[in-house]
Ligand code: AN7
């Protein structure tokens, strides 16, 4: 069933519904499969390993083999920061971000429902992912992007997979409001994370972390927060495995926001249950340039219920952390993703995170998503003639 997270009103799994008809709050899918964790053994390492926890018909799954992403032990960086660190590399998904997990479930549901057009507003990755999965399912796809604020790799993907790409004169929050209104008139099936099926796919990040750790929870999970879907999804997944008896502990959910787009952190600092939207959000991490996150209520519950926290990082701290991860561990991520590492660094320095804590940082999108920011952060290549003398000339100065 689908259930309202505020008033508990219930809806059928085959209804096209995004918000509660009784109270206008947001919805979640409720699943309580009665299975043992042994069933996962020997299954192929994709998110569909956990198919009993996915609310779709398993014989008709639209998949590009998403999930099963690398879980990298980062001893060098961990030592530098004083924690026991794993990094979950979501850039290794088919289109280079965690959104693929949500889209696989969301598009499978769209096909089950028999819709012919899907759409979303996006800071980039959601549109890249939706365009690819809509192509695979043979559905029409419309994406709304804030004009001039989407990283080049993401734009290339959305256009190349054949989506109708609309460049909106406005920010993400305004674009989402427009496309949601269109969806409510029945013109398209909305696949932003207000659609509860999206989060059902993304909860598999939580499943994989505790599975990879040998059925135990880390002390803390740190991740970037924009529209606030992913932190809600991961917490939901971990709780489902906890309630099924697969693990005995729970992690502290720690959401990191960019200083110029931080409504969740502002609420957590006040202990508030609701956010106040940030007007004109701004950050180099364009993926999380969001002022009015739709899943805020779920995200705040995840943070409070898990005894977690939220903090902000500056653009400079984000870019430093992006370089640190790339050069200490060989893991290339886009700026938004590096905010988890920047947040870890800050919270260790402030004493919020203890020495030796077991920390998992989720890095959400690939370095190549935003090639311009990467190139701008480096010095230009040295120009040489194609002969050994000029090569030697360069080498002597290294
Ligand atoms: C790399 O693509 O919102 O808090 O429209 O692309 O679940 O929104 C992207 C979000 C983190 C934040 N890291 O996750 C979009 C979009 C990357 C992202 C986030 C996004 P949420």
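Numbering (our numbering), first residue to last: 2 to 399. Note that the Cβ used here is the ideal one computed from N, Cα and C, for glycine as well.
Please state the DSSP three-state secondary structure of residue i.
i           : result
residue 70  : coil
residue 124 : coil
residue 9   : coil
residue 338 : helix
residue 326 : helix
residue 253 : strand
residue 385 : coil
residue 146 : strand
residue 398 : coil
residue 284 : coil
residue 20  : strand
residue 197 : helix
residue 393 : helix
residue 353 : coil
residue 152 : coil
residue 216 : coil
residue 372 : helix
residue 202 : helix
Only counting the same chain, and skipping five residues up and downstream in sequence, which positions put a Cβ closer than 7 Å to that of residue i?
i           : result
residue 268 : 275, 276, 301
residue 1   : The chain is shown from 2 up to 399; residue 1 falls before or after that span and cannot be answered.
residue 232 : 224, 226, 254, 256, 300, 303
residue 187 : none
residue 341 : 223, 224, 225, 257, 362, 363, 364
residue 57  : 106, 109, 110, 113
DSSP has residue i in a bridge; who is on the other side?
i           : result
residue 190 : 119
residue 29  : 4
residue 366 : 98
residue 56  : None; residue 56 has no bridge partner.
residue 81  : In DSSP, residue 81 forms no bridge with anything.
residue 313 : 258
residue 110 : In DSSP, residue 110 forms no bridge with anything.
residue 226 : For residue 226, which the question treats as bridged, DSSP gives no partner whatsoever.
residue 87  : 74, 361
residue 165 : 143
residue 221 : 253, 360
I think residue i touches residue j, with their Cβ atoms under 8 Å apart; what is that distance to the nearest whole Å?
i           : j           : result
residue 209 : residue 72  : 7 Å
residue 63  : residue 138 : 5 Å
residue 119 : residue 140 : 5 Å
residue 378 : residue 368 : Contact doesn't hold; Cβ gap of about 11 Å is too wide.
residue 28  : residue 197 : 5 Å
residue 125 : residue 151 : 4 Å
Who are the near neighbours of residue i in its chain, counting only those whose CB is closer than 6 Å to its CB and skipping five residues on each side?
i           : result
residue 127 : 100, 121
residue 219 : 252, 359, 361
residue 95  : 65, 67, 101
residue 111 : 119, 190
residue 7   : 24, 26
residue 48  : 67, 68, 102, 205
residue 259 : 284, 286, 289
residue 202 : 102, 103, 105, 106
residue 322 : 339, 342, 343
So, for residue i: in the same chain, excluding its five sequence neighbours on each side, which residues have a beta-carbon less than 8 Å away from its beta-carbon?
i           : result
residue 134 : 63, 65, 101, 104, 105, 107, 108
residue 117 : 140, 141
residue 3   : 11, 12, 13, 14, 16, 18, 28, 29, 30, 31, 197
residue 297 : 229, 264, 265, 268, 275, 276
residue 278 : 174, 264, 292, 293
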